[in-house]
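**Student:**
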Amino acid sequence: MPVKVSVIVPVYNPGPYIEDCIASLQRQSLPPDAYEAVFVDDGSTDGTPARLDRLAAEDPRMRVIHQENSGWSGKPRNVGIDAARGEYVMFVDNDDYLGDEALERMYAYGVANGADVVVGKMAGKNRGVPVELFRRNHPRATVGNAPLIDSLTPHKMFRRAFLDRIGLRFPEGRRRLEDHVFVTEAYLRADNVSVLSDYVCYYHIRRDDASNAGFQRFDPVGYFANLREALDVVERYTEPGAVRDRLFRRWLRVEMVERLRARRLLALPDDYRRELFAEIHKVVVERFGPGVAAGLQPTQQVVAALAEAGRYDDVVAFAEWEAGVAPAAAPTGVEWRDGSLHIGFTAEFTSAGEPMTFPADAVRTPLADPPKGVEEAVAWVGAETAARSGQATADLLLRERAGGAQYFQPVEFTRETVAVGDGERVRLVLRAAATVDPAGLPGGGVWDAVVRVRLGGWTKECRLGPAPRATRPEPSAGVVGHRAVLPYWTEPHGNLALDTAVKGRRLGLDGVRRTEVAVSGARLRARVPLHAADGTPVGLRFTAAGRTLHASGTLTGVPDGRPGSLLEAALPSGLPRGIWRVALSPDPDAARPRWTGLPFALRAGGGGVLVVPVPRPRAVRRLARRVRRVLGAARAKARALVRGGR
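939 is the number that the working numbering gives to position 212 of the sequence shown; each next residue is one higher, with no gaps.
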């Protein structure tokens, strides 16, 4: 079989972090002879070269190339391209890893859409990744119809023939942003770019010691010299105008303005901040026309204008004010309806912990000149934010706690203006309702509810909460898509999370009342505290004296206002005499089904079946008798002491 994908992994002293990368490559769902991994060891000085040699000797899919240290990732990636045998090449860093079906899905998607570049959904583990780009699939994406320019890391799949045809390779040597130069040219010269957003293909990891190359402090002079090379690529392949301005805006926003904002700037030493600011000022003055900054959000426009004017002290003062701005999202309801979880919440921005207020009669005014001072800057941002309030949005994402995968949930929202005091100022509040289908979440695990708020110059995220214990709703567990799901509030912070692999006591099945369990003929009926859509299938397991029997059941909603469902099941035919413990599973056909015991048992015999308490093991019974004897003796001694005291 021809090799479909060659995975190229530049390697330099990864230590144990490479193990997750290797394991994910070996787990790929593509047939073993349809892909290869090419590790290019760039002069590692730890035990990695020997580790890779052993790997290649054991696994024919794995190849290793050793070379002298080149200083950065460009040359190892180019060596990998030249050695690759695949139709596509995929770049993976040695401390990251792939989803198990990443290569198969990305290759199929690329072939189906004739893509020269395939961008797979990314998840960030303790580091940021693009969000808006992966809101939906884009089979035919361009820099004009999708936010492609938000994703300039090389962790994508490229058609090898395309790279050879246009002669595209990474800049080499000890330098920064070599991936920006490569990926930008690929986007601008590809016949088609496809974005796959419905499966997490790439897990971008921040090491525990934050020693990833991208997190190291850089030399501003060299960094922005390399950045100019990416701008050169844009100028080479676009005409002056709106498209070029929009692309340039990405570097102004991400690489310059965002580095000069709020806590990110304030966390740096003053001497380094000044050096960084000086280089940013040079690039802004040299390369960006007025149309670039004009498309930024209000707060970003202020920082860009101050940077262009060279006003370092005002940039720092504005950052100090902006550091106090944060989103807040409060839950208003969490309940199950027809197999879906409905979540209500409000969201707004706060400043120094209090709700932000804005002028009630604001109108849009272009920022013609830099503000004269921070007070004027804050006033303009407030007025512009209020005037743009009709563009404010709220989203709910569910983010997997273990791996960082995140998915947008359907949300409907309204924008509200709440008068403050005499009515001259207002709060801008978003009131939202989200519908979550847990069956659409991949795998089982814990998912945190994250609210993403866009208002004025801010796009920020926060957890949904905290919810005060006295007022927060307490939804029950549900059964959806052959899995048990529990919405719950974290402790001690009171944020909303969703456990899609819940089992045991957290399911709440110990709350089943024996008075609401009945056996009629060969049928079992019980009220259980689980939400489920009508007809939801479950499994039952009956165990007694080393024997196990199984039966199928269904859950049906009970419209009486109480949470829970009616469990109905046919008992196993000819249930033998004995006391049978009962357990329930939402996924009885799984390879490893999750069973949770119910707080009742069935006693079969004498021509009928009775509902009885769960029998306690002999050891437990003996311990209980011993405890009763000790307690009885203690009580008798106490009574004797009381009588003697009289």
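Virtual Cβ for every residue (Gly too), placed ideally from N, Cα, C. A quick note: this is a predicted structure, and the numbers were derived from the prediction, not measured.
#1: Compare the C-alpha of ASP959 against each of ALA989, VAL846, GLU912, LEU995 and name the closest.
#2: Pick out the complete beta strand (DSSP E) segments inside the region 884-954, 3 residues or longer, and give them in chain order.
#3: Nearest-angstrom Cα distance between THR1270 and SER1312?
#4: Nearest CA to the CA of PHE843: which residue from ASP918, VAL1341, GLN1024?
#5: Use the C-beta contact count for ARG892: other C-beta atoms within 10 angstroms, 16 or more gives buried, fewer gives exposed.
#6: Among VAL845, PRO1195, TYR1215, whose alpha-carbon lies nearest the alpha-carbon of GLU814?
#7: Return the chain-ordered list of same chain residues with a C-beta closer than 6 angstroms to the C-beta of PRO996, the five sequence neighbours on each side being excluded.
#8: Touch check for the region 1063-1072 and the region 1004-1012: three-plus C-beta pairs under 8 angstroms?
#9: In angstroms, rounded to a whole number, what distance separates the CA positions of TYR914 and VAL922?
#10: With H, G and I counted as helix, E and B as strand and the rest as coil, what does DSSP make of ALA835?
#11: Could you tell me which residues DSSP puts in a beta bridge with THR1198?
#12: For HIS1209, which residues in the same chain have their Cβ closer than 6 angstroms to its Cβ, ignoring the five residues on either side in sequence?
#13: Starting from the Cα of GLY1131, find the closest Cα among ARG804, LEU825, GLY871 and give me that residue.
#14: Extract the residue ranges of the alpha helix (DSSP H) inside the region 1312-1336, only unbroken runs of 4 or more that lie entirely within it.
#15: As an exercise, report each continuous alpha helix (DSSP H) stretch of at least 4 residues that is fully enclosed by the region 983-1068, in chain order.
#16: Runs of 4 residues minimum, wholly inside the region 786-842: which ones carry the alpha helix (DSSP H) assignment?
#17: Kindly indicate which three-state DSSP category GLN753 falls into: helix, strand or coil?
#18: Let me check understanding here. Comparing Cα to Cα, which of GLY1150, THR1323, VAL1239, TYR744 lies closest to ALA1089?
#19: Verify whether the separation of the beta carbon atoms of VAL708 and PRO866 is less than 8 angstroms.
#20: Do you know offhand how far PHE1327's Cα is from LEU1294's?
#21: With the cut-off set at 8 angstroms, would you say PRO1256 and GLY1284 are in Cβ contact?
#22: Does the count of Cβ pairs from the region 1043-1060 and the region 1074-1090 closer than 8 angstroms reach three?
#23: For ALA829 versus TYR929, is the C-beta spacing smaller than 8 angstroms?
#24: Go through its chain and collect everything with a Cβ distance to ALA1032's Cβ below 8 angstroms, but skip five positions before and after it.
#25: At the level of alpha carbons, what is the spacing between ASP1122 and ASP946?
#26: Is GLU966 helix, strand or coil when you go by DSSP?
#27: Let me know the secondary structure DSSP gives GLU1295 once reduced to three states.
#28: Return the Cβ separation of ARG1176 and ALA1224 in integer angstroms, given the expectation that the two are a contact with Cβ distance under 8 angstroms.
#29: Per DSSP, which one or two residues make a beta bridge with TRP1216?
#30: Kindly indicate which residue of ASP1065, THR1217, ARG1268, GLY1273 has the alpha-carbon position closest to the one of SER1279.
#31: For a test of the three-state rule: what should DSSP assign to ALA1278, helix, strand or coil?
#32: For LEU1094, name the three-state secondary structure that DSSP assigns.
#33: Do PHE1135 and LEU1124 have their C-beta atoms closer together than 8 angstroms?
#34: Quick check on DSSP: helix, strand or coil for PHE766?
#35: Can you find the residues in the same chain that come closer than 8 angstroms, C-beta to C-beta, to ASP827, ignoring five residues on each side of it along the sequence?
#36: Which value, in whole angstroms, describes the spacing of the CA atoms of HIS931 and ARG1308?
**Tutor:** By the coordinates alone:
#1: Sequence index remark: in the sequence shown, residue 959 carries index 232 (1-based). It is GLU912 whose Cα lies nearest to the Cα of ASP959.
#2: 884-886, 920-932
#3: The residue you call residue 1270 lines up with position 543 of the sequence shown. The residue you call residue 1312 lines up with position 585 of the sequence shown. THR1270 and SER1312: Cα-Cα distance of roughly 14 angstroms.
#4: Stepping through the sequence shown from its first residue, residue 843 is reached at position 116. The residue you asked about is not Phe; residue 843 is Asp in the sequence shown. For the residues ASP918, VAL1341, GLN1024, the minimum Cα distance to ASP843 belongs to ASP918.
#5: Here residue 892 refers to the residue found at position 165 of the sequence shown. That one is exposed.
#6: Looking up residue 814 in the sequence shown gives position 87. Of VAL845, PRO1195, TYR1215, the residue nearest in Cα terms is VAL845.
#7: Start at 1 with the first residue of the sequence shown, and residue 996 comes out as number 269. None.
#8: no
#9: Position 187 of the sequence shown holds residue 914. Position 195 of the sequence shown holds residue 922. Approximately 12 angstroms, taken between the alpha carbons.
#10: If you number the sequence shown from 1, residue 835 lands on position 108. Of the three classes helix, strand and coil, the one that applies to ALA835 here is helix, per DSSP.
#11: Looking up residue 1198 in the sequence shown gives position 471. In the DSSP output, where bridge partners are listed per residue, THR1198 has none listed.
#12: Taking the first residue of the sequence shown as position 1, residue 1209 is located at position 482. Closer than 6 angstroms at Cβ, skipping near neighbours: PRO1313, ASP1314.
#13: What you label residue 1131 is simply residue 404 of the sequence shown in a count that begins at 1. Nearest C-alpha to GLY1131: LEU825.
#14: none
#15: 989-993, 997-1014, 1017-1021, 1025-1035, 1039-1049
#16: 801-810, 829-839
#17: In the sequence shown, the residue the question calls residue 753 occupies position 26. Three-state result, GLN753: helix.
#18: Within the sequence shown, residue 1089 is the residue found at index 362, counting from 1. ALA1089 has its Cα closest to that of GLY1150, out of GLY1150, THR1323, VAL1239, TYR744.
#19: Residue 708 falls outside the range modelled here, since the chain spans only 728 to 1373, and no answer is possible.
#20: On the sequence shown, residue 1327 is found 600 positions in, with the first residue counted as 1. On the sequence shown, residue 1294 is found 567 positions in, with the first residue counted as 1. Going by the C-alpha atoms only, they are around 14 angstroms apart.
#21: Sequence index remark: in the sequence shown, residue 1256 carries index 529 (1-based). Sequence index remark: in the sequence shown, residue 1284 carries index 557 (1-based). No, these two residues do not count as a Cβ contact at 8 angstroms.
#22: yes
#23: Along the sequence shown, read from residue 1 onward, the residue named residue 829 stands at position 102. Along the sequence shown, read from residue 1 onward, the residue named residue 929 stands at position 202. Result yes, Cβ atoms of ALA829 and TYR929 sit closer than 8 angstroms.
#24: Looking up residue 1032 in the sequence shown gives position 305. ALA1020, LEU1094, ASP1096, PRO1097, PRO1098.
#25: Counted from its first residue, the sequence shown places residue 1122 at position 395. Counted from its first residue, the sequence shown places residue 946 at position 219. When rounded, the distance between both Cα atoms is 37 angstroms.
#26: As a position in the sequence shown, residue 966 is number 239, starting the count at 1. Three-state DSSP puts GLU966 in coil, outside helix and strand.
#27: One-based indexing of the sequence shown puts residue 1295 at position 568. Strand.
#28: For the purposes of this step, residue 1176 is identified with residue 449 of the sequence shown, where counting begins at 1. For the purposes of this step, residue 1224 is identified with residue 497 of the sequence shown, where counting begins at 1. First, the amino acid is wrong: residue 1176 is Ala here, not Arg. Going by Cβ atoms, the distance from ALA1176 to ALA1224 rounds to 7 angstroms, so yes, they are a contact pair.
#29: Taking the first residue of the sequence shown as position 1, residue 1216 is located at position 489. Answer by DSSP bridge pairing, in chain order: LEU1223.
#30: Mapped onto the sequence shown, residue 1279 falls at position 552. When only C-alpha atoms are compared, the closest one is ARG1268.
#31: As a working mapping, residue 1278 is identified with position 551 in the sequence shown. Of the three classes helix, strand and coil, the one that applies to ALA1278 here is strand, per DSSP.
#32: Residue 1094 sits at position 367 when you count from the first residue of the sequence shown. Here LEU1094 sits in coil by DSSP.
#33: For the purposes of this step, residue 1135 is taken as residue 408 along the sequence shown, with counting starting at 1. For the purposes of this step, residue 1124 is taken as residue 397 along the sequence shown, with counting starting at 1. Yes, the Cβ-Cβ distance between PHE1135 and LEU1124 is below 8 angstroms.
#34: Sequence index remark: in the sequence shown, residue 766 carries index 39 (1-based). Strand at PHE766.
#35: Within the sequence shown, numbered from 1, the residue matching residue 827 stands at position 100. Within the same chain, ASP827 has close Cβ partners SER751, ARG754, GLN755, SER756.
#36: The residue labelled residue 931 in the question sits at position 204 within the sequence shown. The residue labelled residue 1308 in the question sits at position 581 within the sequence shown. C-alpha separation (whole angstroms): 46 angstroms.
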